[in-house]
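**Student:** Next up is a structure, given as structure tokens.
Protein chains: 6
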Amino acid sequence: MKKISECSPLEEVSLVLRLSDVQIKKTTTNADYASMIAFEGIDKIEAKMWKFTDDLREKLVSGEVYVVDGRMKDYQGKLQLNITSIRQVDENDHVDLDSFYEKAKISSDDLAKNINEYFKKIENEYLKNIVSVLLKKHFKSFFEFPAAVTMHHNYFSGLAYHTYSMLRLSDVYLEMYPFINKDLVYSGIILHDLGKLLELSGPKGTEYTQIGKLIGHISIGANEIYATALDLGIEKTEEVINLIHIILSHHGQMEYGSPKEPLTAEAELIHLLDFGDSRMASLEKEIIKVKKGEYTSPITAFDRKSFYVPKID
Amino acid sequence: MKKISECSPLEEVSLVLRLSDVQIKKTTTNADYASMIAFEGIDKIEAKMWKFTDDLREKLVSGEVYVVDGRMKDYQGKLQLNITSIRQVDENDHVDLDSFYEKAKISSDDLAKNINEYFKKIENEYLKNIVSVLLKKHFKSFFEFPAAVTMHHNYFSGLAYHTYSMLRLSDVYLEMYPFINKDLVYSGIILHDLGKLLELSGPKGTEYTQIGKLIGHISIGANEIYATALDLGIEKTEEVINLIHIILSHHGQMEYGSPKEPLTAEAELIHLLDFGDSRMASLEKEIIKVKKGEYTSPITAFDRKSFYVPKID
Amino acid sequence: MKKISECSPLEEVSLVLRLSDVQIKKTTTNADYASMIAFEGIDKIEAKMWKFTDDLREKLVSGEVYVVDGRMKDYQGKLQLNITSIRQVDENDHVDLDSFYEKAKISSDDLAKNINEYFKKIENEYLKNIVSVLLKKHFKSFFEFPAAVTMHHNYFSGLAYHTYSMLRLSDVYLEMYPFINKDLVYSGIILHDLGKLLELSGPKGTEYTQIGKLIGHISIGANEIYATALDLGIEKTEEVINLIHIILSHHGQMEYGSPKEPLTAEAELIHLLDFGDSRMASLEKEIIKVKKGEYTSPITAFDRKSFYVPKID
Amino acid sequence: MKKISECSPLEEVSLVLRLSDVQIKKTTTNADYASMIAFEGIDKIEAKMWKFTDDLREKLVSGEVYVVDGRMKDYQGKLQLNITSIRQVDENDHVDLDSFYEKAKISSDDLAKNINEYFKKIENEYLKNIVSVLLKKHFKSFFEFPAAVTMHHNYFSGLAYHTYSMLRLSDVYLEMYPFINKDLVYSGIILHDLGKLLELSGPKGTEYTQIGKLIGHISIGANEIYATALDLGIEKTEEVINLIHIILSHHGQMEYGSPKEPLTAEAELIHLLDFGDSRMASLEKEIIKVKKGEYTSPITAFDRKSFYVPKID
Amino acid sequence: MKKISECSPLEEVSLVLRLSDVQIKKTTTNADYASMIAFEGIDKIEAKMWKFTDDLREKLVSGEVYVVDGRMKDYQGKLQLNITSIRQVDENDHVDLDSFYEKAKISSDDLAKNINEYFKKIENEYLKNIVSVLLKKHFKSFFEFPAAVTMHHNYFSGLAYHTYSMLRLSDVYLEMYPFINKDLVYSGIILHDLGKLLELSGPKGTEYTQIGKLIGHISIGANEIYATALDLGIEKTEEVINLIHIILSHHGQMEYGSPKEPLTAEAELIHLLDFGDSRMASLEKEIIKVKKGEYTSPITAFDRKSFYVPKID
Amino acid sequence: MKKISECSPLEEVSLVLRLSDVQIKKTTTNADYASMIAFEGIDKIEAKMWKFTDDLREKLVSGEVYVVDGRMKDYQGKLQLNITSIRQVDENDHVDLDSFYEKAKISSDDLAKNINEYFKKIENEYLKNIVSVLLKKHFKSFFEFPAAVTMHHNYFSGLAYHTYSMLRLSDVYLEMYPFINKDLVYSGIILHDLGKLLELSGPKGTEYTQIGKLIGHISIGANEIYATALDLGIEKTEEVINLIHIILSHHGQMEYGSPKEPLTAEAELIHLLDFGDSRMASLEKEIIKVKKGEYTSPITAFDRKSFYVPKID
């Protein structure tokens, strides 16, 4: 069957695709339509269903793989698929369903082991307790959720992989800057994106939840830690206040959604690591798709700039 | 005794002042000094103590009234007092201590009655419950706290007066725009600044608490509502999610500290009322000090612009 | 006949529409085309005529109702209609023309009565005179004009309704903040958008005039008041200078087209009321089109954000 | 007698100075003080009178030359003079009063002749008439006023000199870009700052007038042209609308106080010439005070940047 | 044969076009496509080839004239051509190839003569030498290159014409502001865009080179001057440092790509002349395409604003 | 002898200080004064000499240690020293001169060894050569220069220490993101601040050079690499273009002085490491001066924010 990368604008196509992030929206003329992201391995394309009938509404489950008919369309180099009909794949299609679900480079079991190694290094009792309670409560989802719908680390175990990557990167910083509190850094990294477990719907057919849209992962995370601290009777300790401060400030600036900017070295470091790891992960995702000497597609996380891959061995 | 407004730069003075918002800071050369605001009725002046000895550290209690010796200094039209010594006022000074503590135009009892009238109009059970629990829990401080250290409504019962003022202003909006949910607006207004009861230290000698500096009233308020909703078992209801959304978004834009911008008409309205009431209160505070045909002192809330009072009867 | 909300992209359609804000533009390749807004009750859609012949140029009168043939097209959820031919509706079409012209909630007669009540409360002679002269001069258009081509209050009597709404909202502010000059506020509100009577072409087929595009309603309004004041010999009075200041500053900030920012409490209040009323009116227009629990179409006045309607009774 | 440039901070001084732009302000503690600019030839210094008694209020006339006693003070390299007493100069002081009033490089008579040469080249009747009427009405002040209180061209005939300079600079542009309308450019340049004749108080002791502060020279200029056009019965002509557009847009961007940005090539050109001439005049003022190889004082018009003078012959 | 300006969206067309700035890009779905600008005299249109086969890759040479088949498409008033096939023009097409290559108003020989006149006025030996060496080294391309791919002066000899225009405009400035160093201004203008000779590929089929994309004309120019100065042994002279400073700062602000902002009057003037000449040239290019009383197409250099041409003789 | 941290405003003091970054400036009234930074170990204070006589001009050598008399002054918590006289320290003062010169944590010999280890890992011949030539040319200053006058790493060997720190931090990134070109990263880090060796005057009495002020370290570095590459005949290789791109883009954004923003993953990574290391070094410098539970002085690199040190063991 045809691949996305072989399609041209205006072409009538039939493709096997995983439909995700399905959203029912209104056109400016007030009619319903469905907007979603269609995945084919690591390739993806925006898709729309303009005639969104009740029939389709029932058939379409976010995160499932379908045989999709439609028409390609371009927006200044950004291809879009206008879907006219879908049907679920069956045995006769001989499709390897697994290949439609992207996974982290490391298995979720290994991620759990690796992150646990860091957790064991936390010596402060309050911090150890609070991380322990929250990791247990959310254990399964923590190691299965992606870190995003379409941005960096948007795959199975993406959240845990991003967390592990930040922990690794923190090691040299802690060595070069020994005045930084290690326990606060490890706890802060492990919990910094915890709120995403409620902001997103799950590892399959990932979309934003209602609480995700109106409250957001930063405040959800702070709420969860505060409630846990209340249960443990430690909500007024220096440890808890500092931990919540890290969650609130990890986007670095108010204009990026942090209600407080970093006021401690630990909070500043976690912001730097989160920012650095997401930048590099966003680049990796696109650069591995092209050859040396070529430019990537425009990358959303970099204001749609294209990056160049040096032709150097 | 001399008044602040009679002092000139470089003059050696002896004044009776309420010393508030006392902060121990470091100079760039790493010595301790104390920075504070000194009040004389509604007039105020920034004050510093450069030689901050242990002796002074014990004597100085934020919010108390002292006989203060020092020297006036100017920063481009902004007078400052460099304090050299203080002693607490005693009977022989014949000072009317009450005149040093500013109060709202309406007594705290009447504010409680007025706000209760609005509370009784809330019909939705979930919203009624959550407001009721939180008002009871914080009843005393809710009607005594100021809304700020130095900005608008920075006086005894200032928080309650600001809340009442917004409720009053909401009435015509609700009448002109009947599609807005009244219950959500009333609950949202009453709770929008609840976090300030933990962000500030109290009605007397008001200063920022440690939790106030690292977490802030927006997130504290959200945390409190979430914890209360958990207790009531209603944390996943539409009502609670919308109420928390209002708290988080009431500064209107992310760059002003709201982790989410208003996404409902009710949240947008409460932001507009909060903004409008604080602007007018900031103006009132300065305009009543000058005569028609004159310009006010530069006003912080308006980027240090001076306002003109039209000479029209 | 089909409705806009029933159309899908790429569909060939035949609709009855009121064509408004017709503009003859050049493509980047220098050919003429017509761009306009097509209304069907309160629903609207952008429309283009790419082959804009002399024949069409004669037939097409902005503000009239036509039977329109064309093809639907989408721009990322923003439907657009590419018109191929039009003909004026006739008796045989059995179309209720009235339903194509939106009106304010209150009749223009009642608006005149209501606004007159406020006018009568102005006691200052100079202000009373100048408002009186200008209202008389523009009486008919003042109560028939819309306040905009496509934004909020873009309907018959929209300007008067917006004016009345602001007067209503000013009442509680004047009560809570008694230091504000009532006469200046009432006069300022009544005249703040007067310039729109020359900036826009009229209540039907509303478009920007040449003077509107090059000078704009803020400066036109100031010019009109200044000329009237010269006639009355009062151009140097405190009242006139303050009134013109209000007109010039009512957009609040220079970057939004105000050559002066508010420097009086009255000017600041009128800016707040104008901003607040337009925000809520923009929300109302979209929210009444959707159901509780749904999101609106993206709203231009809010940077194309969609708003959510809480599912609370 | 001592010169400003010979004074050091903290020194008690006695100087002969022209006191200008006198403003009575309030300290943050609500006492009156006077703020002004003191000139000594082309050198100048900010000055304050903290004890501003009624006695002083009578004696002090903006624009006059006084013997001034006071104390020097520094604000990070910005000297300031705190005045303690003043007395008017008399014969015994043997002061050359003329040297205290800066003038344009060209006499006001020659400026009138030169600008008239350009005026005579205007062929369009409407534009010729309107410029003629306004020049006659304001003839004396047009050739005597400065263009500013403290910024560029703040001297006797400064406004006319700036106007003449822009006319000269426009010549090569008109030659290189012949599609531009010469009549509109000449008229626009001559009238672009006309509003300053009402915004400023006059050539001596220049300060902002009340109408200048609340309305500003851009809108005053537009008002004057509109009123004149009404008298001539040509207020709806293409010429007048374009001329007013030029006045309104000559600051180039809304955020710099233009209610409309340039929409014609003529308006864009006049903005470029106004901007270019003021930048170079601001530089000239400071660069002629220093030697090659040195840096100037920080220049306000360039965000307090210091400029370097190349050591090249 | 049909002209671009006669085409409508969705039309199948066959046109004779010069294809320039050909770039091979990736769609978001990772397929190759070609994006280019197609010229027909001074008219131009964006063009895409979605099926970019190896066959096409060989046939298509940037800067050549082809008979092109394809389909017109619109993006909100911005027409685009989707090319399906091309073939090089031959004799039978009877096409005047010269008319497809735009040239400066003045021949390259005359430009060389005119610029040489200015060069001869440079008296300083160091500056004279360095300009002389670099002009000789790049003589041919200096007088043939355009100044841009699509913006202002994007035609044969465009760079030299822009340089000459700036030299002409500098004359009155040097006369009105005699404190400015003439030699530095002339040298700076002549060399300010020298780096474009390496940033762009040449006068025909102009596109950005790899060094142009990664280093840019500002730094290339600085590098070239520095290397030349090293050869001449004058790299530490005041002249060379000032000349390089002019090249680096001629975009005026860091956010527009200047690593240093102007710190000398000469650098500031060259920035003003470069900015002014490009603004007026961008306007001329569009205004000469429309009639008096009309608006131009949106102009990229002015944030897609359309300009109006006054209907005044 | 007294220490800086024991001084109060207005006090007359006598201190032993290293005077550095001496700049002769003009007051707004055109008199000469000297502005400098005075160091006492890691503590520092701004200092001014208002009466800057020829005598002083001779005596004062930037970077030397003096016995200084003067008076303390405060600018809102920022102490300043107004110097009245200086004399060089002599034997009788019994001062340990070494304690006045701050050094990196690691000796310059060890830094040379450590950086050489990384250099040896570069395999690409072109990159190896260019780094080798430049390191040899600047060997002594590379390992002795500071990285700044007053900001982070402003001490003996500060530049080399910062370079080494970035190399260390790059290790985990290269491991986690194997698609990145190691050779380019190592070469880029080693050379990224090379231009500072000409931008700054040296390790003692560090100040900006004339070439530093007008050209800046980013462009100086690019010039040096380009000239070296020309000598080696490799100026057009992919390696050199990419290396220069890294130098130009390492400030990350144009508004921070980079004429090009990062367009390769290697350039982006080096920007992230440079930014991260300077942020943490700026924090370390201040945090080690205060105790747990305290706030630091305002930190310039963080918009004068004060950071909090968590009271957690």
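For the protein sequence lines, the chains are A, B, C, D, E and F, in the order given.
If you're matching positions, the first sequence starts at 1 in the working numbering and goes up one per residue.
If you're matching positions, the second sequence starts at 1 in the working numbering and goes up one per residue.
If you're matching positions, the third sequence starts at 1 in the working numbering and goes up one per residue.
If you're matching positions, the fourth sequence starts at 1 in the working numbering and goes up one per residue.
If you're matching positions, the fifth sequence starts at 1 in the working numbering and goes up one per residue.
If you're matching positions, the sixth sequence starts at 1 in the working numbering and goes up one per residue.
Just so you know, even glycine gets a beta-carbon here, dropped at the ideal spot from N, CA and C.
1) Determine the direct distance from the alpha carbon of D:His138 to that of D:Tyr118, and round the result to whole angstroms.
2) Please report the residue range of the alpha helix (DSSP H) in which B:Leu273 lies.
3) Please decide whether E:Arg168 counts as near chain D, where near means a Cβ-Cβ distance under 9 Å.
4) Could you name the residues of the same chain whose beta carbon sits closer than 7 Å to that of C:Pro262, not counting the 5 residues immediately before and after it, in chain order?
5) Could you tell me if C:Ser14 is buried or exposed, where buried requires 16 or more neighbouring beta carbons within 10 angstroms of its beta carbon?
6) Please identify, using Cβ separations under 7 Å, the residues of the segment 90-109 of chain D that lie next to chain F, in order along the chain.
7) Entirely within the segment 105-179 of chain A and at least 4 residues each: give me those alpha helix (DSSP H) ranges in chain order.
8) Please say whether B:Lys213 and B:Leu318 have beta carbons closer to each other than 9 Å?
9) Whole-angstrom Cβ separation of B:Val309 and B:Lys292, contact assumed at under 8 Å?
10) Under 8 Å Cβ-Cβ, which residues of chain F neighbour A:Lys311?
11) Is the beta carbon of C:Tyr33 less than 9 Å from the beta carbon of C:Ile24?
12) At the level of alpha carbons, what is the spacing between B:Leu81 and B:Lys73?
13) Check whether the Cβ of D:Val67 lies closer than 9 Å to any Cβ atom in chain F.
14) From D:Glu102, D:Asp183 and D:Asn92, pick the residue whose C-alpha is nearest to that of D:Lys120; which is it?
15) What are the start and end residues of the alpha helix (DSSP H) that includes D:Tyr226?
16) Which of the three DSSP states, helix, strand or coil, is assigned to F:Leu248?
17) Does D:Glu294 come within less than 9 Å of chain F when only Cβ atoms are used?
18) Measuring CB to CB, does E:Ile211 end up less than 9 Å from E:Leu198?
19) Assuming B:Leu232 contacts B:Ile130 under a Cβ cut-off of 8 Å, what Cβ separation, rounded to an integer in Å, is found between them?
20) Determine the direct distance from the alpha carbon of E:Val68 to that of A:Glu294, and round the result to whole angstroms.
21) Give the single residue among A:Ser141, A:Arg18 and A:Phe145 whose Cα lies nearest to the Cα of A:Ile83.
22) Helix, strand or coil: which one does DSSP assign to A:Val304?
23) Would you kindly work out how many angstroms separate the C-alpha atoms of B:Thr209 and B:Ile218, rounded to a whole number?
24) Using DSSP bridges, identify the partner residues of B:Leu184.
25) Using a Cβ cut-off of 9 Å (strictly closer), state whether C:Gly276 contacts chain B.
26) Pairing CB atoms from the segment 46-55 of chain D with CB atoms from the segment 1-11 of chain D, are three or more of them under 8 Å?
27) Could you check whether the segment 237-247 of chain E touches the segment 142-157 of chain E, counting it as contact only if at least three pairs of C-beta atoms, one from each stretch, sit closer than 8 Å?
28) With a floor of 4 residues, list each alpha helix (DSSP H) that falls wholly inside the segment 69-93 of chain F, ordered by position along the chain.
29) Is E:Phe39 helix, strand or coil when you go by DSSP?
30) Going by the CB atoms, is the gap between B:Ser157 and B:Ser108 shorter than 9 Å?
**Tutor:** The structure says:
1) The residue given as residue 118 of chain D occupies position 118 in the fourth sequence. The residue given as residue 138 of chain D occupies position 138 in the fourth sequence. When rounded, the separation of the alpha-carbon atoms in D:Tyr118 and D:His138 is 18 Å.
2) Counted from its first residue, the second sequence places residue 273 of chain B at position 273. Element bounds for B:Leu273: Ala265 to Ile287.
3) For the purposes of this step, residue 168 of chain E is identified with residue 168 of the fifth sequence, where counting begins at 1. Yes, because at least one Cβ of chain D sits closer than 9 Å to the Cβ of E:Arg168.
4) Working through the third sequence from its first residue, we reach residue 262 of chain C at position 262. Excluding residues up to 5 positions away in sequence, Ser249, Gly252, Glu268 and His271 lie with their Cβ nearer than 7 Å to the Cβ of C:Pro262 in the same chain.
5) Residue mapping note: residue 14 of chain C aligns to position 14 of the third sequence, counting from 1. C:Ser14 comes out exposed.
6) Listed in sequence order: no entries.
7) Counting whole runs of 4 or more residues, the segment 105-179 of chain A contains the alpha helix (DSSP H) stretches 108-120, 125-137, 139-144 and 158-176.
8) The shown model of chain B, from 1 to 313, leaves out residue 318 of chain B, and the question about it has no answer.
9) In the second sequence, residue 309 of chain B corresponds to position 309, counting from 1. In the second sequence, residue 292 of chain B corresponds to position 292, counting from 1. Going by Cβ atoms, the distance from B:Val309 to B:Lys292 rounds to 5 Å, so yes, they are a contact pair.
10) As a working note, residue 311 of chain A is residue 311 in the first sequence. Ordered by position in chain F, the residues that pass the 8 Å Cβ test against A:Lys311 are Glu238.
11) Within the third sequence, the letter at position 33 stands for residue 33 of chain C. Within the third sequence, the letter at position 24 stands for residue 24 of chain C. The answer is yes: Cβ separation under 9 Å.
12) As a first step, residue 81 of chain B must be located in the second sequence, where it is residue number 81. As a first step, residue 73 of chain B must be located in the second sequence, where it is residue number 73. Between B:Leu81 and B:Lys73, the C-alpha separation is close to 6 Å.
13) Position 67 of the fourth sequence, counted from the first residue, corresponds to residue 67 of chain D. No - not a single Cβ of chain F is within 9 Å of the one on D:Val67.
14) If you number the fourth sequence from 1, residue 120 of chain D lands on position 120. Nearest C-alpha to D:Lys120: D:Asp183.
15) Translated into the one-based positions of the fourth sequence, residue 226 of chain D becomes position 226. Counting along the chain, the alpha helix (DSSP H) containing D:Tyr226 begins and ends at Gly216 to Leu232.
16) Within the sixth sequence, the letter at position 248 stands for residue 248 of chain F. In the structure shown, F:Leu248 falls within a helical segment according to DSSP collapsed to helix, strand and coil.
17) Mapped onto the fourth sequence, residue 294 of chain D falls at position 294. Interface residue, yes.
18) Numbered from 1 along the fifth sequence, position 211 holds the residue referred to as residue 211 of chain E. Numbered from 1 along the fifth sequence, position 198 holds the residue referred to as residue 198 of chain E. Yes, these two residues count as a Cβ contact at 9 Å.
19) Your numbering for residue 232 of chain B matches position 232 in the second sequence. Your numbering for residue 130 of chain B matches position 130 in the second sequence. At roughly 7 Å, the Cβ-Cβ gap stays under 8 Å, so B:Leu232 and B:Ile130 are in contact.
20) Within the first sequence, the letter at position 294 stands for residue 294 of chain A. Within the fifth sequence, the letter at position 68 stands for residue 68 of chain E. One C-alpha to the other measures close to 27 Å.
21) Within the first sequence, numbered from 1, the residue matching residue 83 of chain A stands at position 83. Nearest of A:Ser141, A:Arg18 and A:Phe145 to A:Ile83, Cα basis: A:Arg18.
22) Translated into the one-based positions of the first sequence, residue 304 of chain A becomes position 304. It should be pointed out that residue 304 of chain A corresponds to Arg in this sequence rather than to Val. The DSSP-derived three-state label of A:Arg304 is coil.
23) Here the question's residue 209 of chain B lines up with position 209 in the second sequence. Here the question's residue 218 of chain B lines up with position 218 in the second sequence. Near 14 Å, if we compare the C-alpha coordinates of B:Ile218 and B:Thr209.
24) On the second sequence, position 184 is the one that residue 184 of chain B refers to. B:Leu184 pairs with nothing; no bridge assigned.
25) What you label residue 276 of chain C is simply residue 276 of the third sequence in a count that begins at 1. Taking Cβ atoms only, chain B reaches closer than 9 Å to C:Gly276, which makes this a yes.
26) Contact annotation: the segment 46-55 of chain D does not touch the segment 1-11 of chain D, with fewer than three C-beta pairs closer than 8 Å.
27) With the cut-off at 8 Å, the segment 237-247 of chain E and the segment 142-157 of chain E do not touch.
28) Secondary structure remark: continuous alpha helix (DSSP H) runs of at least 4 residues inside the segment 69-93 of chain F: none found.
29) As a first step, residue 39 of chain E must be located in the fifth sequence, where it is residue number 39. In the structure shown, E:Phe39 sits in a strand (DSSP, three-state: E or B).
30) The residue you call residue 108 of chain B lines up with position 108 of the second sequence. The residue you call residue 157 of chain B lines up with position 157 of the second sequence. For the pair B:Ser108 and B:Ser157, the CB atoms are nearer than the 9 Å cut-off.
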